[in-house]
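>
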Amino acid sequence: MSRADAAEAVREHFGCAPAELGLAEFEEAFVAWRQVAWSGPVPAVTTQPTVVVDKETGELTPWGALPADLVATQYAAHRAARDRFPPDVRAALETAGWWPARDRAAVVTAWLATPQVATAFAGVDFTGAALAALTEFGGLRISQRGVGESADGGFASRFFPIPDRVGADGLRSFIARTGIAVAPVGDHEDGPGDLVIDGDGRVFLLHWADDYLVADSFDAALVWMVRGGPLLPLE
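Under the working numbering, residues 3 to 237 are what the sequence shown spells out, in order.
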């Protein structure tokens, strides 16, 4: 879609004159907003709701009142995530509070620096896969299907920071038994058990009955956390 076509589509959407339209071009889309002329004192906040026009499809998507470059970054993340999860899993994640480009790095960093957490997990490597998982999903509670496919019918999973759950005994015991270096990312209500991840992104469930490999990637583990199903004990 050309810039002129995008501008025309957005003018129809806003019902505004050409002079009232703001339009910025980015790699995957145009970001547009209606420019308002102020006759009196300019309000402290003047940002207007935006619309994204996809260059490939021409689809218009209403967006929030944010700077155009931030809107473009968020939209690119949304596009990239379209095929990342099955529709039912994505819906469950969004219900839990996730969205593409969600970033909780500051919260996770502050949590790791608290004395209780720093002491409990001393020597545990929270870089790489663990940090990436917590940055995007930290603080969420993911409901799992149970009998009758009902939400909350299964056992929910939670991701750190979790105020009432800081402990490393199970983690350190697992490392000693298996030689697999892992970091904690949360817990699972069945047991309850610990959810941990290794440097390659494999996710394990440390349960009182056994240790289980949930999936070879965090995204695949999220599918199980939503849908449930049997797990095979770690060999």
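Every residue, glycine too, gets a C-beta built ideally from N, C-alpha and C.
State the DSSP-derived secondary structure class of residue 5, mapped to helix, strand or coil.
helix
> According to DSSP, simplified to helix, strand and coil, what is residue 51?
coil
> Tell whether a beta-carbon distance below 8 Å holds between residue 130 and residue 146.
No.
> Among 120, 118 and 75, which residue has its Cα nearest to the Cα of residue 104?
75
> Can you name, in chain order, every residue of its own chain whose Cβ lies under 8 Å from the Cβ of residue 92, other than the five neighbours on each side?
83 and 86
> Helix, strand or coil: which one does DSSP assign to residue 209?
Correct three-state label for residue 209: coil.
> For residue 183 and residue 201, which I take to be in contact (beta-carbon distance under 8 Å), what is that distance rounded to the nearest angstrom?
6 Å
> Nearest to residue 106 by alpha carbon, out of 88, 186, 142 and 116?
Of all alpha-carbon atoms in 88, 186, 142 and 116, the one lying nearest the alpha-carbon of residue 106 is that of 142.
> Looking at the structure shown, is residue 175 part of a helix, part of a strand, or coil, going by DSSP?
helix
> Given this structure, state the Cα-to-Cα distance separating residue 174 from residue 125, to the nearest angstrom.
10 Å
> Check whether the region 7-15 and the region 54-61 are in contact - that is, three or more C-beta pairs closer than 8 Å.
Touching, yes, given that three or more Cβ pairs across the two stretches are closer than 8 Å.
> List the whole-angstrom C-beta distance separating residue 159 from residue 177, where the pair is believed to meet the contact cut-off of C-beta under 8 Å.
Going by Cβ atoms, the distance from residue 159 to residue 177 rounds to 21 Å, so no, they are not a contact pair.
> To the nearest angstrom, report how far apart residue 154 and residue 217 are at their CA atoms.
Low confidence applies here, because residue 154 scores a pLDDT of 46, under 50, leaving its location unreliable; read the following figure in that light. Cα atoms of residue 154 and residue 217: separation of roughly 21 Å, rounded to the nearest angstrom.
> Under 8 Å by Cβ, that's how I've got residue 206 and residue 214 pegged, so tell me the actual separation to the nearest angstrom.
7 Å
> When the distance is taken between beta carbons, is residue 185 closer than 8 Å to residue 132?
yes
> Grouping DSSP H, G and I as helix and E and B as strand, with all else coil, what is residue 63?
strand
> Can you tell me where the beta strand (DSSP E) holding residue 38 begins and where it ends?
Unbroken run through residue 38: none, as it is neither H nor E.
> Output the distance between the C-alpha atoms of residue 250 and residue 100, rounded to the nearest integer angstrom.
This structure leaves residue 250 out entirely; the chain is present only between 3 and 237.
> Pick helix, strand or coil for residue 147, following the three-state DSSP scheme.
coil
> Cα-Cα, which of 165, 122 and 127 is closest to residue 140?
165
> For residue 208, count neighbouring Cβ atoms within 10 angstroms of its own Cβ and tell me buried if that reaches 16, exposed if not.
buried
> Return helix, strand or coil for residue 196, following the three-state DSSP convention.
strand
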